[in-house]
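Novice: Counting in the numbering used here, the sequence shown runs from 183 upward without gaps.
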Amino acid sequence: MTDGHSDIHVLVVDDDDAIRDLLCDFLQDNQLSTQQASNHAQMWQALQQRLPDVIILDINMPQRSGIELCRELRESTKYHLLPIIMLTARTSSLDTIMGLETGADDYVAKPFEPLELLSRIRSVVRRSRMMSESSGKADHEWQTEHAVLRFIEFNDWTLDIQNRTLVDSQHTRIPLSNAEFKFLRFMLVHANRTLSRDQLMEEMHGREAGPFDRSIDLQISRLRQKLEVDTKNPSMIKTLRNEGYLLTAEVRYVK
């Protein structure tokens, strides 16, 4: 750990000593302060000692996986807003899906380019601080503009904003992950307008989409599985080649 003058403090959680040390050395060389944890027990201990600005969390760890820890952090009243970047295996799209579903803010596939990770860290922290500073204003504007919305109705579906669930025409409730809820609400607010992958990535992760970044496609796929009758021929969330995605629906806001 370093106590330098950095305004970004990173908690690196990885059971691989070599990767953890190399990553911390690199971050410290770039004026970020760091703290290390090799397992879940050390992670919780480190959090009690100092609250980080972002957690770098490896998915594949013994005893408690990064996905389990991410879920526990998101369910915690004290740590649920902490930015989390998951480290995943490059070939495992399932890890990426699970990480995003449990509330990770971003992910980086191993082996990764250190400068890319540094850019992701700064972007996530910057976005987190901006959201924290503007949260009161944003909540007020949302409530004023929409008069404390409770539901968004679209086609045969209802999005229950308070409970963050989908309700179908048979009144069956379908739970949504934090990422799915945020993604769907954003698309509904911009219904019947084409949204580029960069726009969606900026909303979800605070950065533009890279040429091999599939996080947006994965979120679209997950929502289609919940909303579409035929996911191979979607009628609601459409893909517009070389343009982005379009959610087609008659949207109605309900107090």
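Glycine included, every Cβ here is placed at the ideal spot set by N, Cα and C.
This structure is a prediction, so every number in the text was calculated from the model and none was measured.
#1: Could you give the first and the last residue of the continuous alpha helix (DSSP H) run that contains Ala271?
#2: Can you tell me the Cα-Cα spacing of Ile398 and Arg309, whole angstroms?
#3: Which of the three DSSP states, helix, strand or coil, is assigned to Leu422?
#4: Looking at the structure shown, is His262 part of a helix, part of a strand, or coil, going by DSSP?
#5: Thinking C-alpha only, which one of Val290, Phe336, Ala431 is nearest Arg351?
#6: Pull up the distance between the alpha-carbon of His372 and that of Ile190, whole angstroms please.
#7: My guess is that Thr216 and Arg253 are in contact by the Cβ rule of under 8 Å, so how many angstroms apart are they, rounded?
#8: Return the CA-CA distance between Phe333 and Thr430, expressed in angstroms with no decimal places.
#9: Alpha carbons only, please: which of Glu257, Lys260, Leu264 is nearest the one belonging to Val236?
#10: Comparing alpha-carbon positions, which option in Thr259, Pro244, Asp240, Arg246 lies nearest Ile266?
#11: On the DSSP bridge list, what partners appear for Ile237?
#12: Give the range of the alpha helix (DSSP H) segment to which Arg332 is assigned.
#13: Provide the residue(s) that pair with Asp342 in DSSP beta bridges, ordered along the chain.
#14: Kindly indicate which residue of Phe365, Ile419, Asn374 has the alpha-carbon position closest to the one of Glu384.
#15: Under the DSSP definition of a beta bridge, which residues are partnered with Pro357?
#16: Can you check whether the CB of Val433 is closer than 8 Å to the CB of Leu377?
#17: Does DSSP put Asp380 in a helix, a strand or coil?
#18: If the criterion is Cβ atoms closer than 8 Å, does the pair Leu348 and Lys408 meet it?
Specialist: So, from the data block:
#1: Here Ala271 belongs to no alpha helix (DSSP H); instead the beta strand (DSSP E) covers 266–271.
#2: Ile398 and Arg309: Cα-Cα distance of roughly 18 Å.
#3: strand
#4: coil
#5: The sequence shown places Ser at residue 351, rather than the Arg named in the question. Checking every option, the nearest Cα to that of Ser351 belongs to Phe336.
#6: 33 Å
#7: Wrong, their Cβ atoms sit about 24 Å apart, outside the cutoff.
#8: Roughly 18 Å between the two C-alpha positions.
#9: For Val236, the closest alpha carbon among the candidates Glu257, Lys260, Leu264 is that of Leu264.
#10: Asp240
#11: Leu193, Ile266
#12: Per DSSP, Arg332 belongs to no alpha helix (DSSP H) and is neither H nor E.
#13: Phe333, Thr347
#14: The shortest C-alpha separation from Glu384 is found at Phe365.
#15: Thr347
#16: no
#17: helix
#18: yes
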